[in-house]
Every structure is written in structure tokens, then in C-alpha cells.
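Residue numbers (the UniProt record's numbering), protein chains in the order written: chain D, 1 to 135; chain A, 1 to 135; chain U, 1 to 135; chain R, 1 to 135; chain W, 1 to 135; chain E, 1 to 135.
The beta-carbon is built from N, C-alpha and C at its ideal position, and this holds for glycine as well.
What follows is one structure encoded as C-alpha cells, with my remarks underneath.
There are 6 protein chains.
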Amino acid sequence: MATVKLWTDEEVATAPAVQAVFEDIRAVRKSDFVNNFWRALANQPVLLERTWTSVKQVMLQPGALDPLTKELVYIAVSTANACSYCVHSHTAAARAKGLSDDQYAEFLAVIGMAAETNTLANSLQIPVDPEFLAG
Amino acid sequence: MATVKLWTDEEVATAPAVQAVFEDIRAVRKSDFVNNFWRALANQPVLLERTWTSVKQVMLQPGALDPLTKELVYIAVSTANACSYCVHSHTAAARAKGLSDDQYAEFLAVIGMAAETNTLANSLQIPVDPEFLAG
Amino acid sequence: MATVKLWTDEEVATAPAVQAVFEDIRAVRKSDFVNNFWRALANQPVLLERTWTSVKQVMLQPGALDPLTKELVYIAVSTANACSYCVHSHTAAARAKGLSDDQYAEFLAVIGMAAETNTLANSLQIPVDPEFLAG
Amino acid sequence: MATVKLWTDEEVATAPAVQAVFEDIRAVRKSDFVNNFWRALANQPVLLERTWTSVKQVMLQPGALDPLTKELVYIAVSTANACSYCVHSHTAAARAKGLSDDQYAEFLAVIGMAAETNTLANSLQIPVDPEFLAG
Amino acid sequence: MATVKLWTDEEVATAPAVQAVFEDIRAVRKSDFVNNFWRALANQPVLLERTWTSVKQVMLQPGALDPLTKELVYIAVSTANACSYCVHSHTAAARAKGLSDDQYAEFLAVIGMAAETNTLANSLQIPVDPEFLAG
Amino acid sequence: MATVKLWTDEEVATAPAVQAVFEDIRAVRKSDFVNNFWRALANQPVLLERTWTSVKQVMLQPGALDPLTKELVYIAVSTANACSYCVHSHTAAARAKGLSDDQYAEFLAVIGMAAETNTLANSLQIPVDPEFLAG
Chain D
1 MATVKLWTDE EVATAPAVQA VFEDIRAVRK SDFVNNFWRA LANQPVLLER
51 TWTSVKQVML QPGALDPLTK ELVYIAVSTA NACSYCVHSH TAAARAKGLS
101 DDQYAEFLAV IGMAAETNTL ANSLQIPVDP EFLAG
Chain A
1 MATVKLWTDE EVATAPAVQA VFEDIRAVRK SDFVNNFWRA LANQPVLLER
51 TWTSVKQVML QPGALDPLTK ELVYIAVSTA NACSYCVHSH TAAARAKGLS
101 DDQYAEFLAV IGMAAETNTL ANSLQIPVDP EFLAG
Chain U
1 MATVKLWTDE EVATAPAVQA VFEDIRAVRK SDFVNNFWRA LANQPVLLER
51 TWTSVKQVML QPGALDPLTK ELVYIAVSTA NACSYCVHSH TAAARAKGLS
101 DDQYAEFLAV IGMAAETNTL ANSLQIPVDP EFLAG
Chain R
1 MATVKLWTDE EVATAPAVQA VFEDIRAVRK SDFVNNFWRA LANQPVLLER
51 TWTSVKQVML QPGALDPLTK ELVYIAVSTA NACSYCVHSH TAAARAKGLS
101 DDQYAEFLAV IGMAAETNTL ANSLQIPVDP EFLAG
Chain W
1 MATVKLWTDE EVATAPAVQA VFEDIRAVRK SDFVNNFWRA LANQPVLLER
51 TWTSVKQVML QPGALDPLTK ELVYIAVSTA NACSYCVHSH TAAARAKGLS
101 DDQYAEFLAV IGMAAETNTL ANSLQIPVDP EFLAG
Chain E
1 MATVKLWTDE EVATAPAVQA VFEDIRAVRK SDFVNNFWRA LANQPVLLER
51 TWTSVKQVML QPGALDPLTK ELVYIAVSTA NACSYCVHSH TAAARAKGLS
101 DDQYAEFLAV IGMAAETNTL ANSLQIPVDP EFLAG
């Protein structure tokens, strides 16, 4: 269904630049499973390497936000962009990081409410209050 | 600039249904400031009351997600929907709830990365891995 | 603020292809006012002519939907696409066609509700019921 | 395919809060069929109840707009948000409320035209005419 | 899966207005294959004829941009609008017009980068530099 | 108007990590002008450095697509995402790279047409033809 070939492990083994990224994905994630997103990007080794490096930096390094919060923010953006693949993969990731049913229910309520009030504000073309502008 | 009149406090005082909501906003938020979003919705008292009730339930009641996480998820959706008003008002709210510069920087990195990978997945039309589907 | 020059009536008078469209706009609308959308498109006479012809056919000819319904559908799309210009111009057009305050309030409730449930369905990735598929 | 379980009637029968909403859906709609949207929301009983209450108020109560107009506005938003589920379910609802082939053809022409002119206005960054601003 | 019937060649043969458009599509494209987009629009002959005429003018006539550039711009918009059908059909068209793997990889990098920086600029609400405004 | 402070050159001079990126921007672009996008990102030095590195690689290195084509693709995405800042800055960049009035007119026609047909395909939920799927 993709617009490009999804690389099998056998095909990856024939391309050292791709193979190196796949090995790093497996090592960092401590799992043999490599999902289709990377198998599609394998057709573009430079983009594959750059994207994986960014994902490692942004999503996997310890930082100022906890990992579950980052996944929820990620799913929120992916939902608004109607990215079916991303919603599926990052909802699975959020569950693996401990998302509870109560947290998920509250998350859904927040994104629904946000979309509703976004629509009202954009349709009413409400001007920004001076109080909200940065000094 | 709005497509409707923004109600002043004097105008609010003439409409009991609107006045009741404005008083509740001030009581719940412990602040006299009522922002333009509510002054625009004042033209539609039923919608005003329903929206405020939902916001109270979803955003202001203690729940399974902490208040700052909910604000970040809200900003993420508002950014993807290009709602200038909502981005301004909820970034101000997040700061009031303690958003640090480091957290904001990491949040921005996550939403940028999410938008980038959403675009790649949507353009490559990558099929969802069976591993991501709910049992 | 536009990325192109907005043509004044004096400039329009120097370009017969543009002038012909502006005259038709004024004749069809029975008004001397030509809004900025057309003054921006004047830089691309072929696009100007094609767009005006389509607008006349789709929005201004009597058809199976009444003119106010078409304006509401137009505003709904423009809101979702965050087109500030279009929301402003077509909300003004809807009012000129008789949009009442009650209708506007109900319209806002519908688009807010639609955005909320769109977000829930896209985040939950709900499969389409067979009952909804066309024969 | 959903990110959550879709509840069967047997499962619904074990959860009184969910069961109460499902019974109300069936009573209000005068039909035994409950579509997947509600079966997915059943995992979050509070969100389920709140969403159904809103849908009843906004979409099903007699108001200032006729039911078919509200469905068309709903489909317009759902299309712009690329919500496949919502487009399917509300196009079916619109047909059930009497949408004719001619009305559907005209609706499609309007949303296509709106998307086209939204894109032109957003790309040209056309400033709003003072004539369109609310008093 | 469509919300309307997809017309077979036999059904097309019974409707002269539809048949005329299908014959022109085959003649212009020098191919017997007519894709589902046109088979769905066949339910609305006026919209079918108007859309095909526009596509011919915009996409198929020699102009100031080469055909492959136009396809890439088209895919970029379709990706941002999450139009699965359009991404598939126009990626196929781009390949038929000579899109190389290197060009595709670079295109993907550009749309990913654009989406990322769009998100940053929209979330930071960065004001436009006066240097970027048209004279 | 931004949600963050826009850094002046004096402030940049006090932060070596930011200063290094600003110097590289000036050197690569052979211009003293640094636009607001970078002055806003200066608040997040890691994000600033990573974003500039990506922009250099993706947009400024010679590659398989010519620089003007990349700018047009960029504007197309930015328009669909309603990023006013990005549309302004990259339309200026495209003009600096030689965008002619005829090319701009044709570009506008393509993105308008794409948005229109995206909307039709998404509303009709047209299934992808097997002919368009990658081998």
C-alpha cells in the first residue's frame, strides 16, 4: 500500500548505511522489532539516518519532559494531522510507557475540547488579548 | 476584528445568563480578568454556558493527567490547527502553571518532530504494522 | 501584507482582461465594491477569470441548495482550513443573506462538535461500520 | 483496527453507566443499531456520556437550522479534517435525512471551491477588507 | 468504500455527458485506463466536466512550470491535507513523468522540514519581518 | 506578538552558542539580515542549532531538485498548514531565486486545484486504484 517498497531484513543486509541505522534502532530500543516507518525510509538512506538521529535526540534522550508526556504531545499532533500510521504507532508506544486507561480517557477529552475551542476561536476570529502577549 | 461583538462588562451586566457564567469564570479562576474568548461567546449564551462547563470539567478538575501536561497537549492541537488565539492563550496558561524554558524547548522539538514524521508517513502512505493494532 | 500587489481601480483600468472581470463582478453583485481577494488575483488574469467563473457557477447560480446553506458550508471549510480572510468575507456574506443570531449560534455549535468528534474518531482510529458503506 | 476495544452488546450489558447511554441512543434514534463510534467511546464512560449529551443537544434537538443543513456543515468540517469515519457516518446520516443527488453534487462543488479559494487566500496572504469587520 | 457508486464503463456508456468526458480523458492521456476519481465524479456530470476541464488547463497544458514540478507541488498539498487517494495517484503520476529516487528523497526531506518549521513558527507565533512584505 | 522574546543582535552577542549559529547563517547566506524565525528560536539554543543544520542540508545544499522547485514545494506545504510566517518568508525566498510572475500564477493554480480535488476525494472517500499501488 505504501508508495515505496518496505525493506525486508534481507534487503537491509545488502545496504551497509541502512544496516547501520537498523542495528542502532535495535540496540537503542533493546528489541528486534523494526517497524514499517523505518522500512519505508530505508529507500532514502540519508533521510533515514537524519530522521533516526532526530528521533533519538528528541524522543529518547532524558530531558525536561517525561517520556509519556512527550508521547501524548506526539499523538495530539498526529491526530490533528490525520496521520493514521503515527497515531497507531505512538498510541502503542504510550501504552508501553505506562499510559493508563484513565490517562488516555482524559487525554482524549483534552484533544477533543481543544479542537472544539480552536474551531470556535478560528470561526469567530477572536483577537488575542494584550494580556497574553509576551513582554 | 472578530466576526462578532466582544461584550464589555457593562453589556454582560444586562444579560443574567451571561453574567452568571462570567461570575463563575471569575470565581473558579480567582481572577477578575475574563479573556476575549468568553466575551465573544457571550453572543451565544447557550454555547457560552456549555463550553465553560466542558472547560471546567476537562481542564480544571483534578484528574489522571497533571494540569501542565494538559496545557501542552492543548497547545499541540492548537498549533496543528493554526489557531493563533488558542496558542497565545494556552501558552500563557502553561507558563502560569510553571512551564520552564527547558520544558518549552523540548515541547517545541517534539511537536516539530511529530509534524515532520507525520508528513513523511502520510506521503509514503506507510501501512500500519500488525504489532500496533489493539487486541 | 499580501505577497502580491492589490490592484487599485486605476491599475485595473489599464488591463482590459482584468477590467472585464471586475465589471462582471460589479454587474452580477449589483455593487461597486470589489474586495481584496479579486484585487490580489488581478496579478494573474487567467486565474482571476477562471476563479470568478467558478464562483459564479457554484455560489451564485440558483441550485439545489439555498444560498445561505452554501455560505455556511463555505465558512465551515474555511474555519477548518484556518483561512482568516475567507472566514471574514463569507461570514459577512452569510449575514447579508439573512443569517440570524440563532442560526449563527447553532452553526458554531455544530462546527465545534464536528471538530471534537473528528478528533476523537481520528485518535481512536475507529473502523467504519459496514452499514455506512455505499451499496 | 481501533486503538481501543470496540464493545459488544454483551460487554455493554456488564457496565451500567455504558448501558444507560446505549439505551438512550437506541431510544432517541428509534433504532437498535449502535455504531462503532459509541462502541469505542464505551471504554471511557464519562467521555461517552458527555459526548452523547452534546450530540443530542447540538445535532438532534430542533433549532434554528434544519437537520440536513447541520449534517452538511458537519460533513464539510469532517472532510477538511480528513476524518474518514465521520465522513462515512454523516454522509449516511445526510442521505437518511433526505439528501438528494443534486444537493450532494452542489455540496461537493461548494466544498471544493471553498478549499481552492482558501488556498489562494492563504498563499497570497490577502488582508481582510475593512468592510468585512464587525462593527 | 466510497460514499457513492463508482461507475463501470457499461454504466458510463448509458450517459452521454459522462461518456464524452471519459472519451476526452482517454484521448488526452493516450491511455484506456480511467481511474476511480473520475468514476466517482461520474455521479455528478456537471462537476465531472468542470473538474476535468480545470485539470486539463492547470496540470496538462504546457506552461511556466515543468510537469514534474507541478506534480511535486500537488503531492505536497495532498500530503498536508491527508488525502490518501491523491497522494497515491499523483506519486504514480510523478514517477510516470520521470521522478527519480534521488528527487523523491529530496522532496520528502523538503516537505518534512517545511512541516516542522511551520509548526515551530505557528507555535511561537513569530511576527512577519517587514523585509518579507510586498511593496 | 510572539510567545517568546525575539533576540536582538546585542542579546545574541552574549550567548556564544547562539552567536555561532547566527554567524553561520550570515556566512552561508552572504547577508547580514537574520529574520525573526531565528531570533525566536534563539531562546532554545539546541533547537536553534539542530533546525539550522537541517535547513542547510535540506534547502541550501545542491541536490536532485533545483532550489526554486524546493521553495515552491515549501510554500505549498506552508499554505496548507496556514503558516503565515512561512508563506511570507518563503515566497520572498522564491522571488529572490527567480520566481517569475507566470510561474507564480501557475503555482497558485496548481495548489488551488490540488486543494479542490483533495477535498472531493476525501469527501467521496474514493478507494485507491490497484494500479497506483507500489509493486
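Would you verify that the beta carbon of residue i is, or is not, closer than 8 Å to some beta carbon of chain E?
i              : result
Leu-133(D)     : yes
Thr-117(A)     : no
residue 137(R) : Beyond the ends of chain R as shown, which are 1 and 135, falls residue 137(R); an answer cannot be given.
Any C-beta of chain R sitting closer than 8 Å to the C-beta of residue i?
i         : result
Asn-19(U) : Checking the displayed sequence, the identity of residue 19(U) turns out to be Gln instead of Asn. Chain R, which has no Cβ nearer than 8 Å to the Cβ of Gln-19(U), makes this no.
Val-73(W) : no
Phe-37(U) : yes
Thr-14(E) : no
Ser-31(U) : no
Could one say the Cβ of residue i lies closer than 8 Å to chain D's Cβ atoms, at least one of them?
i         : result
Thr-69(R) : no
His-90(U) : no
Val-87(W) : yes
If you compare alpha carbons, which of the options is closest to residue i?
i          : options                                         : result
Ser-56(R)  : Arg-50(A), Gln-57(A), Met-59(A) and Val-55(A)   : According to the sequence shown, residue 56(R) is Lys rather than Ser. Among Arg-50(A), Gln-57(A), Met-59(A) and Val-55(A), the Cα nearest to that of Lys-56(R) belongs to Arg-50(A).
Leu-99(R)  : Ala-20(U), Leu-65(U), Arg-29(U) and Leu-48(U)   : Leu-65(U)
Ser-123(U) : Val-18(D), Phe-22(D), Pro-127(D) and Cys-86(D)  : Cys-86(D)
Leu-108(U) : Val-77(U), Ala-121(U) and Gln-19(U)             : Val-77(U)
Ala-92(U)  : Gln-125(D), Val-73(D), Ala-80(D) and His-88(D)  : Gln-125(D)
Trp-7(W)   : Met-59(W), Trp-38(W), Ala-27(W) and Ile-111(W)  : Trp-38(W)
Val-128(D) : Val-34(A), Pro-62(A) and Ala-27(A)              : Val-34(A)
His-90(D)  : Trp-52(D), Gln-103(D), Glu-106(D) and Leu-72(D) : Leu-72(D)
Leu-54(U)  : Glu-116(R), Arg-95(R), Ala-82(R) and Leu-133(R) : Note that residue 54(U) is Ser in the sequence shown here, rather than Leu. Comparing Cα positions, the closest option is Glu-116(R).
Lys-97(D)  : Glu-131(D), Asn-36(D) and Pro-67(D)             : Pro-67(D)
Ala-1(R)   : His-88(D), Ala-94(D), Tyr-104(D) and Cys-83(D)  : It should be pointed out that residue 1(R) corresponds to Met in this sequence rather than to Ala. Of His-88(D), Ala-94(D), Tyr-104(D) and Cys-83(D), the residue nearest in Cα terms is His-88(D).
Val-21(U)  : Trp-52(U), Ala-105(U), Glu-10(U) and Glu-131(U) : Trp-52(U)
Val-18(U)  : Val-46(U), Thr-3(U) and Asn-36(U)               : Val-46(U)
Met-59(A)  : Pro-16(D), Thr-69(D), Ala-114(D) and Thr-3(D)   : Ala-114(D)
Asp-24(A)  : Leu-48(A), Tyr-74(A) and Gly-112(A)             : Leu-48(A)
Ile-111(U) : Tyr-74(R), Arg-26(R) and Ile-111(R)             : Tyr-74(R)
Thr-69(D)  : Ala-121(D), Ala-94(D) and Asp-101(D)            : Ala-94(D)
Tyr-104(E) : Arg-26(W), Ala-80(W), Gly-63(W) and Asp-102(W)  : Gly-63(W)
Compare the C-beta of residue i with all C-beta atoms of chain W and state if any pair is closer than 8 Å.
i              : result
Val-55(D)      : no
Gly-98(A)      : no
Val-58(E)      : yes
residue 167(A) : Missing from the structure shown is residue 167(A); chain A here goes from 1 to 135 and no further.
Hey, is residue i's beta-carbon within less than 8 Å of any beta-carbon in chain A?
i         : result
Met-1(R)  : yes
Ala-82(U) : yes
Ala-94(D) : no
Mind checking residue i: buried by the 16 CB within 10 Å criterion, or exposed?
i          : result
Thr-119(E) : buried
Ser-31(R)  : exposed
Lys-5(R)   : exposed
Gln-44(W)  : buried
Ala-13(U)  : exposed
Leu-41(R)  : buried
Val-28(E)  : exposed
Glu-106(W) : buried
Thr-3(A)   : buried
Gly-135(W) : Confidence at Gly-135(W) is low in this model, with a pLDDT of 48, below 50, so its placement is unreliable and the value that follows should be read with caution. So Gly-135(W) ends up on the exposed side.
Against residue i, what residues of chain C qualify as contacts under a CB-to-CB distance less than 9 Å, listed in chain order?
i          : result
Ala-105(E) : The structure shown contains no chain C; its protein chains are D, A, U, R, W and E.
Any beta-carbon of chain U closer than 8 Å to the one on residue i?
i          : result
Asp-66(E)  : no
Asp-101(E) : yes
Val-28(R)  : no
- Item | Where the region 119 to 131 of chain U meets chain R: residues whose CB sits under 8 Å from a CB there | Thr-119, Leu-120, Ala-121, Asn-122, Ser-123, Leu-124, Gln-125, Ile-126, Pro-127, Val-128, Asp-129 and Glu-131
- Task: Would you list, in chain order, the members of the region 40 to 54 of chain E that have their beta-carbon closer than 8 Å to a beta-carbon of chain A?
- Result: Asn-43, Gln-44, Val-46, Leu-47, Arg-50 and Thr-51
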